[in-house]
Amino acid sequence: MTPSCPLRGLPARASPALLLALCCIWPAHAAHILVDAGHGPERPGATGASGRAEYLYNRDLAAALAHALAALGDRTTRVEGVGADIPPGRRAAGAPDADLLVSIHHDSVQARYLRAGRQAEFAGYSIFVSSLNPRPAQSLRCARRIGERLQAAGEHPSRYHAEPIEGENRPFVDRRLGVHRYDGLAVLRTAPMAAVLIEAGVIVNPREEIRLGKPETIARLARAIARGAHECL
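The working numbering numbers the first residue of the sequence shown as 28 and each following residue consecutively.
Structure below.
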């Protein structure tokens with residue numbers, strides 16, 4: 028059977044082999060992805076080693092991610108608190124028909140490590156999914172694909188969120204790719220579409236914070252996340 032795809036202007040007797048080859052590169056459906064810049068101006072999240080608020084890092088990476096997704100042909104809706112925060116459970120309310128929510132964050136560490144001056148020991152990304160999301164299988168598939176693309180771009184998972192200590196204990200769904208289950212995250216649990224939350228790096232680590240603020244790092248992370256999200260859909 029000849030595969031169906033929206034190809035126009037081809038010869039009426041185009042061979043099945045040609046049609047199949049073209050269908051492999053022609054997008055049958057442009058995905059609609061919500062890009063959430065986590066936190067907001069009122070509750071800006073973690074504070075980087077330099078004193079810069081997490082929300083500003085989230086906003087920069089979310090903007091680059093939306094641009095990278097558009098370059099792949101996907102449709103994006105930005106979710107960003109401007110003037111007032113958006114509650115986590117309302118992040119997806121503006122586009123409930125979207126295919127995927129990607130919530131962008133940057134990480135801190137537990138207070139005990141900050142008090143001990145150990146923040147420089149922690150670096151890397153983490154990805155979270157919720158088993159209470161209405162599309163857990165698709166959420167996990169997207170999380171894994173994003174993890175693969177981040178690692179291909181030279182990033183590595185932090186893994187410390189799985190430590191058996193108070194405030195952590197986020198079990199691995201995929202240890203190699205740095206994917207955790209965290210059912211308590213309202214932004215994932217309440218989204219009507221598949222959803223992943225990404226901690227792009229640890230901004231309380233001074234060296235990591237500098238790296239994460241560089242335009243070339245932001246662009247590379249955005250391309251990797253965009254490619255993973257695009258491919259999983």
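Using N, Cα and C, we set each Cβ at its ideal position, and we do this for glycine too.
Task: Which of helix, strand or coil DSSP assigns to Ala-58 - done: Ala-58 falls in the coil class under three-state DSSP.
TODO: Mark Asn-196 as exposed unless 16 or more other C-beta atoms lie within 10 angstroms of its C-beta, in which case mark it buried.
DONE: Result: exposed.
Open item on the list: According to DSSP, simplified to helix, strand and coil, what is Ala-189?
Closed with: Here Ala-189 sits in helix by DSSP.
Task: Whole-angstrom distance between Ile-225 and Arg-254, CA atom to CA atom - done: Whole-angstrom Cα-Cα distance: 14 angstroms.
- [ ] Specify, as a first and last residue, the run of the beta strand (DSSP E) that Leu-127 falls within.
- [x] Where Leu-127 is concerned, the enclosing beta strand (DSSP E) stretches over 127-134.
Open item on the list: Tell me the rounded alpha-carbon separation between Ser-166 and Ala-90.
Closed with: C-alpha separation (whole angstroms): 22 angstroms.
Open item on the list: So, at 6 angstroms on beta carbons, what are the nonlocal neighbours of Ala-150 in its own chain, with the 5 sequence-adjacent residues on each side left out?
Closed with: Hits under 6 angstroms: Val-229, Asn-232, Glu-235.
Task: According to DSSP, residues forming a beta bridge with Asp-201 - done: In the DSSP assignment, the residues bridged to Asp-201 are Val-206.
Task: Cβ-based neighbour list, Glu-81, same chain, cut-off 8 angstroms, excluding 5 preceding and 5 following - done: The beta carbon of Glu-81 sits closer than 8 angstroms to the beta carbons of Gly-65, His-66, Pro-71, Gly-72, Ala-73, Thr-74, Gly-75, His-132, His-133, Ser-135, Ile-230 from its chain, once the five residues preceding and following it are set aside; these are given in chain order.
Open item on the list: For Glu-226, list the residues DSSP reports as bridge partners.
Closed with: BP columns for Glu-226 point to His-132, Ser-153.
Open item on the list: Considering just the uninterrupted stretch of the alpha helix (DSSP H) at Arg-216, what are its terminal residues?
Closed with: Taken as a continuous stretch (DSSP letters only), the alpha helix (DSSP H) holding Arg-216 covers 213-216.
TODO: Could you check the C-alpha separation between Ala-221 and Gln-137 for me, to the nearest Å?
DONE: Distance between the alpha carbons of Ala-221 and Gln-137 is about 28 angstroms.
Task: Cutoff 6 angstroms; reference Ile-52; Cβ partners in own chain excluding five residues on either side - done: The predicted position of Ile-52 is uncertain, since its pLDDT is 45 and thus under 50; no value can be drawn from it.
- [ ] Classify Arg-111 as helix, strand or coil using the three-state DSSP reduction.
- [x] Position check: residue 111 holds Ala in this sequence, whereas Arg was assumed. Judged by DSSP in its simplified three-state form, Ala-111 adopts coil rather than helix or strand.
Task: Extent of the continuous beta strand (DSSP E) to which Arg-105 belongs - done: Run containing Arg-105: 102-106, per the beta strand (DSSP E) assignment.
Open item on the list: With H, G and I counted as helix, E and B as strand and the rest as coil, what does DSSP make of Ala-73?
Closed with: Three-state result, Ala-73: coil.
Open item on the list: According to DSSP, is Pro-68 part of a helix, a strand, or is it coil?
Closed with: DSSP places Pro-68 outside both helix and strand once states are collapsed to three, so it counts as coil.
Task: Neighbour-count burial assignment, Val-109, 16 or more Cβ in a 10 Å radius - done: So Val-109 counts as exposed.
Task: At least 3 beta-carbon pairs within less than 8 angstroms: the stretch 111-123 vs the stretch 169-177 - done: Fewer than three Cβ pairs drawn from the stretch 111-123 and the stretch 169-177 lie within less than 8 angstroms of each other, which leaves the two stretches out of contact.
Open item on the list: By the three-class DSSP mapping on this structure, what secondary structure does Ala-143 have?
Closed with: It is coil, neither helix nor strand.
TODO: In the DSSP assignment, find the unbroken alpha helix (DSSP H) run with Pro-233 in it and report its ends.
DONE: DSSP places Pro-233 inside the alpha helix (DSSP H), whose first and last residues are 233-239.
- [ ] Helix, strand or coil for Asp-124, going by three-state DSSP, please let me know.
- [x] DSSP places Asp-124 in coil when its eight states are reduced to three.
Open item on the list: So if DSSP puts Ala-97 in a beta bridge, which residue, or which two residues, is it bridged to?
Closed with: Beta-bridge pairing links Ala-97 to no other residue.
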